[in-house]
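Visitor: What follows is a single structure, and I will ask about it in a moment.
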Amino acid sequence: MNSPLTRLGVRLTLALGAAEIRLRLRLPRLMWVLTRRPTERESPYAELVRIEADPAYRALFFARLDAVLEDRLATRRTAVVEEIEAAAARLKALIRPGDHERAA
146 MNSPLTRLGV
156 RLTLALGAAE
166 IRLRLRLPRL
176 MWVLTRRPTE
186 RESPYAELVR
196 IEADPAYRAL
206 FFARLDAVLE
216 DRLATRRTAV
226 VEEIEAAAAR
236 LKALIRPGDH
246 ERAA
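Here the numbering used here runs 145 ahead of the position in the sequence shown, where the first position is 1.
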């Protein structure tokens with residue numbers, strides 16, 4: 146089934162491919178700029194090198210690190226307090242007034 150729409154799509158694809166080849170041959174620098182390339186990855190240790198080499202960045206990095214550690218510590222403290230309060234509530238529920246008199 147060669148419908149006119151299918152043939153038109155094929156012709157457009159072939160024409161665009163031919164135009165791309167011509168552009169690559171005539172304007173290689175432009176095509177190099179327009180071509181997508183994978184981004185260059187930094188070295189895994191690039192940030193460590195920057196921390197050691199740049200005193201301002203080091204101060205900023207350690208300030209952010211301290212803030213994150215303080216936040217984590219505060220979250221842990223809150224969780225521990227909530228656990229202790231929940232345990233105390235369970236103990237209070239177990240010990241009702243007058244229960245200790247019946248046990249004796």
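Ideal placement from N, C-alpha and C gives every residue a C-beta, glycine not left out.
Quick check on the DSSP output: the alpha helix (DSSP H) that includes Glu192 runs from which residue to which?
Guide: Ala191 to Ala198 is the span of the alpha helix (DSSP H), which, as asked, contains Glu192.
Visitor: Output the boundary residues of the alpha helix (DSSP H) element that contains Thr151.
Guide: First-last of the alpha helix (DSSP H) with Thr151: Pro149 to Arg171.
Visitor: Assign Ala249 to one of two classes, buried (16 or more other C-beta atoms within 10 Å of its C-beta) or exposed (fewer than that).
Guide: Residue confidence for Ala249 is low, a pLDDT of 48 falling below 50, so the modelled location carries little weight; the figure read from the coordinates is stated next. Ala249 should be labelled exposed.
Visitor: By Cβ distance below 8 Å, which residues in the same chain neighbour Pro183 in space, the five residues on each side in sequence not counted?
Guide: Nothing meets the Cβ criterion.
Visitor: Who are the near neighbours of Tyr202 in its chain, counting only those whose CB is closer than 7 Å to its CB and skipping five residues on each side?
Guide: For Tyr202, where only same-chain residues beyond five positions count, the Cβ hits under 7 Å are Arg195 and Ile196.
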